[in-house]
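All remarks here apply to the structure that follows.
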Amino acid sequence: MIPMTAALAAKIDELEQLARSRTDAMQISRDQGELLAAAALAHRAKFIVEIGTSYGFSGLWWSAALAVTNGYLHTIDVSEKKYASAKSTFAEAGVSDRVISYHADGHDVLANLANGIDIAFIDADKSSTQDYFDLLWPKLRVGGAVLTDNVLSHKREMGEYIARLRQRKDAHSTTIPIRAGLEWTVKLA
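The structure is reproduced here in structure tokens:
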């Protein structure tokens with residue numbers, strides 16, 4: 272099990288409970304969170320980018336891994352409400368020192384981020400998924416990965432995106448059939 276503080280573990284439990292009553296939070300599941308943390312550890316990630324902070328549940332999992340790798344999360348959300356709530360969540364969990372939050376359009380932030388991204392997580396508006404990927408890919412290090420959520424729950428919307436990933440010669444991409452489905456795309460060259 273990934274080591275985490277009591278405050279971080281309590282926040283994860285709290286957000287998991289709140290997700291049952293919130294109508295505007297399609298957050299990842301606990302097992303997806305554990306998978307994200309494991310991916311961060313496996314990739315030895317120090318620079319993670321997340322598009323779609325929501326209320327911060329996935330950010331808490333990234334933060335648990337980043338405490339081990341001594342890295343940072345850049346997380347982006349366009350919603351003022353979710354941005355403010357997530358910032359508070361990160362502070363209460365004691366992980367604010369590892370998280371850089373942006374209240375902005377993902378396209379704008381991604382265009383200005385540095386190269387050397389270890390992992391990117393796309394979990395925002397599905398119509399912009401390909402655009403986000405195209406902005407991230409050149410900034411991703413070889414051996415890094417893009418994880419994309421909702422590839423099974425939004426199969427029709429994500430079909431062309433997945434087909435393009437599978438045609439890339441500089442990537443290996445596979446679907447992890449956990450909850451809404453995660454696409455794990457590793458940069459080969």
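Numbering-wise (our numbering), the sequence shown opens with residue 272 and increments by one.
For glycine and all other residues, C-beta sits at the position ideal for the given N, C-alpha and C.
What do you get for residue i, buried or exposed, if any count of 16 or more other CB atoms within 10 angstroms of its CB means buried?
{"i": "Ala336", "result": "buried"}
{"i": "Arg427", "result": "exposed"}
{"i": "Ala364", "result": "buried"}
{"i": "Glu321", "result": "buried"}
{"i": "Ala382", "result": "exposed"}
{"i": "Ala338", "result": "buried"}
{"i": "Ala277", "result": "exposed"}
{"i": "Ala357", "result": "buried"}
Hey, out of the options, whose CA is closest to residue i's CA?
{"i": "Ile388", "options": "His314, Leu286, Thr276 and Pro274", "result": "His314"}
{"i": "Glu287", "options": "Met272, Glu305, Pro274 and Ile273", "result": "Glu305"}
{"i": "Gly342", "options": "Ala277, Val370, Gly414 and Ser356", "result": "Val370"}
{"i": "Gly415", "options": "Ser300, Lys458 and Leu312", "result": "Lys458"}
{"i": "Asp379", "options": "Asp405, Lys358 and Ser356", "result": "Asp405"}
{"i": "Leu307", "options": "Leu381, Thr360 and Trp333", "result": "Trp333"}
{"i": "Thr340", "options": "Ala316, Leu384, Lys353 and Lys358", "result": "Ala316"}
{"i": "Phe361", "options": "Lys440, Glu285, Glu431 and Trp455", "result": "Glu285"}
Let's see if you can read the secondary structure: which residues bound the beta strand (DSSP E) around residue i?
{"i": "Asp348", "result": "Tyr343 to Asp348"}
{"i": "Ser372", "result": "Val370 to His374"}
{"i": "Lys426", "result": "First-last for Lys426: Lys426 to Gln438, but that is the alpha helix (DSSP H), not the beta strand (DSSP E)."}
{"i": "Ile283", "result": "Premise fails: Ile283 lies in the alpha helix (DSSP H), Ala277 to Leu289, not in any beta strand (DSSP E)."}
{"i": "Lys410", "result": "Neither: Lys410 is in no beta strand (DSSP E) and is coded neither H nor E."}
{"i": "Leu423", "result": "Per DSSP, Leu423 belongs to no beta strand (DSSP E) and is neither H nor E."}
Which first and last residues belong to the alpha helix (DSSP H) in which residue i is found?
{"i": "His378", "result": "Gly377 to Asn383"}
{"i": "Asp394", "result": "Element bounds for Asp394: n/a, residue is neither H nor E."}
{"i": "Val339", "result": "Phe328 to Thr340"}
Would you report the Cα separation of residue i and residue j, rounded to the nearest angstrom?
{"i": "Asn386", "j": "His374", "result": "21 angstroms"}
{"i": "Ser367", "j": "Leu279", "result": "11 angstroms"}
{"i": "Val417", "j": "Ile390", "result": "6 angstroms"}
{"i": "Ile273", "j": "Trp408", "result": "28 angstroms"}
{"i": "Gln438", "j": "Gln401", "result": "14 angstroms"}
{"i": "Met429", "j": "Ile283", "result": "28 angstroms"}
{"i": "Val413", "j": "Ile433", "result": "20 angstroms"}
{"i": "Ala355", "j": "Gly330", "result": "14 angstroms"}
{"i": "Ala460", "j": "Lys410", "result": "12 angstroms"}
{"i": "Ile299", "j": "Phe318", "result": "20 angstroms"}
{"i": "His443", "j": "Thr419", "result": "13 angstroms"}
{"i": "Thr446", "j": "Arg435", "result": "13 angstroms"}
{"i": "Leu289", "j": "Ala310", "result": "25 angstroms"}
{"i": "Met297", "j": "Lys352", "result": "15 angstroms"}
{"i": "Ser359", "j": "Ser399", "result": "27 angstroms"}
{"i": "Leu344", "j": "Leu312", "result": "13 angstroms"}
{"i": "Asp441", "j": "Glu431", "result": "18 angstroms"}
Is the stretch 423–431 close to the stretch 441–455, with three or more CB pairs under 8 angstroms?
yes
When you compare the stretch 320–337 with the stretch 384–404, are there three or more beta-carbon pairs, one atom per stretch, that lie closer than 8 angstroms? yes
**Three CB pairs or more closer than 8 angstroms across the stretch 365–384 and the stretch 337–353** = yes
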